[in-house]
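All letters in the sequence shown, in the order written, are residues 2 to 355 by my numbering.
Every residue, glycine too, gets a C-beta built ideally from N, C-alpha and C.
Written out below as structure tokens is the structure these notes cover.
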Amino acid sequence: MDCQRILVLRLSAVGDVIRTLPAVKALKEHAPSSSISWIVEEPSQALIKSQPEVDEVILFPRRRWSQGIKSLKRAWGTIGEMRGLVKELRRRKFDLALDFHGILKSGVLSFLSGSPRRIGYDRISTKEGNFLFSNVKVKLPQQKISRFQRNLALLKGMGVEVEKSKYSLHIPPEDRDYVASFFKASPAPMSRPLIAIHPGTSTKALFKRWMPDRYAELADRLVRELGASILFTWGDGELEWVEGIRKGMTKPSLLGPQTESLTQLGEVYRHCDLYIGGDTGPMHIASLMGIPVVVIYGPTDPTENEPIGNHVKVRKEVGCNPCHEYSCKKLSCIKAISADEVFRATKEFLRPAR
């Protein structure tokens, strides 16, 4: 297996790319002389480039091509770029391709790469006929497993068995320095435990957001009863949401720095003792940084979306969750969770350390 050229396919989304990283890191550990190329879409490109286990990042510009193919002026040029990508993949002469994505698009790219050995999941575990493009098919367990476990299981197609993964996110030195300067500039020393709360989500996942008044109530209790310091982290389009929560508090809190990359966000969490938030990408970043996480689950599956590290789940069974009705307006599952329940889970989680 060593000294081979390996193509990794997990194009999107950012959270799923994050959950593929431990499998790729495990692969590099088992085959340190292999060359790993990862084809990925724009939002995850910088993150993958920052990880030393990945030797090459190949961009799949889905957004630009989607726009270009719809334009009469740009369609022919876009088709030319697509052909160019296929030629580049073939020129690299990959020995094998690992399709972690399991959809039509990734299957076609795996096949067009010219790799003689194409490892993917079986028919039951793929979508859109993806299984037709792989010649080594990995069967997953019948019981539900997490995305992390699912990705590690694909390595069985190469004869690599990884039961558990302790691989963490690599943080570039410049990101460590940026975050260190933020903490050094803090106006007052922070008491312990330092708890990071990330209440936001992407605009496509508003159904995962817990109510702001409950975040404020929870944060106040953590300060008042546990003597904690609260650090709110935020991403694009989330600052106003976070500031509204902070204004609803009676106790002081700290606003985290503006982070320009997921590795900077991970370095912020490395300074913290615990993370609280919903089922989001930042939650998985925190777990990869080795800090315990308290996850607030609404409609999403708590097993499939389980973090890789030490964690506790806060969830209410309301009869219809987990589900995929992400346009649901009632959101009974997320509204049923009280601030007291999250506080008690956090308190018990911190008890051994305290």
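Between LEU240 and GLY267, the C-beta gap is not smaller than 8 angstroms, which leaves the two residues out of contact. Note that the C-beta distance between ASP274 and ILE146 is not below 8 angstroms. DSSP places LYS165 in the coil class of the three-state scheme, outside both helix and strand. Selection SER192, SER169, ARG64 evaluated against GLU30 yields SER169 as nearest (Cα-Cα). Spatial neighbours of PRO258 in its own chain (CB-CB distance under 8 angstroms, excluding positions within 5 residues in sequence) are listed in chain order as TYR179, VAL180, PHE183, GLN265, VAL269. Per DSSP, LYS330 is not a residue of any beta strand (DSSP E), being assigned neither H nor E.
With contacts defined by Cβ atoms closer than 8 angstroms, GLY108 and HIS199 do not form a contacting pair.
At the C-beta level, ASP100 and ILE7 stay beyond 8 angstroms of one another.
Counting C-beta pairs closer than 8 angstroms gives three or more between the segment 206-223 and the segment 244-262, which meets the contact rule.
No Cβ-Cβ contact shorter than 8 angstroms links GLY121 with LEU105. About 4 angstroms separates the beta carbon of MET191 from that of SER230, a gap short enough to meet the 8 angstroms contact definition.
A residue is called buried once 16 or more other Cβ atoms fall within 10 Å of its Cβ, and TRP77, having fewer, is exposed.
Between the alpha carbons of VAL315 and GLN52 lies a distance of about 31 angstroms. Runs of the beta strand (DSSP E) lying entirely within the segment 247-325, each at least 3 residues long, are 275-279, 294-297, 312-315 in chain order.
Between VAL41 and the set SER35, PRO33, ARG64, the nearest pair of CA atoms involves ARG64. For LYS50, the uninterrupted alpha helix (DSSP H) segment begins and ends at 43-50. ALA24 carries a helical assignment under DSSP once its states are collapsed to helix, strand and coil. Spanning the alpha carbons of ALA340 and ALA98 requires a straight line of approximately 46 angstroms. Setting aside the 5 residues that flank it on each side, ASP302 is surrounded in the same chain by PRO323, each with a C-beta closer than 7 angstroms to its C-beta; the list follows chain order. Annotation: GLY103 to GLU326 spans about 22 angstroms, alpha carbon to alpha carbon.
The Cβ-Cβ distance between ASP280 and LYS209 falls below 8 angstroms. GLU175 and ILE37 have their alpha carbons spaced roughly 24 angstroms apart. Counting the other CB atoms within 10 Å of its CB gives GLU82 a total below 16, which places it among the exposed residues.
Inter-segment contact for the segment 132-146 and the segment 10-22 is absent: fewer than three beta-carbon pairs are separated by less than 8 angstroms. Annotated three-state conformation of SER38 is strand, per DSSP. Looking at the DSSP output, ALA189 shares a beta bridge with no other residue.
Taken atom to atom, the span from the alpha-carbon of LYS94 to that of GLY160 is near 21 angstroms. Each of GLU226, GLY238, GLU54, TRP242 was checked against the Cα of ALA32, and the nearest Cα belongs to GLU54.
Counting only runs of 4 or more residues that sit fully inside the segment 207-236, the alpha helix (DSSP H) segments are 213-227, in chain order. Boundaries cannot be given for VAL55, as no alpha helix (DSSP H) includes it and DSSP labels it neither H nor E.
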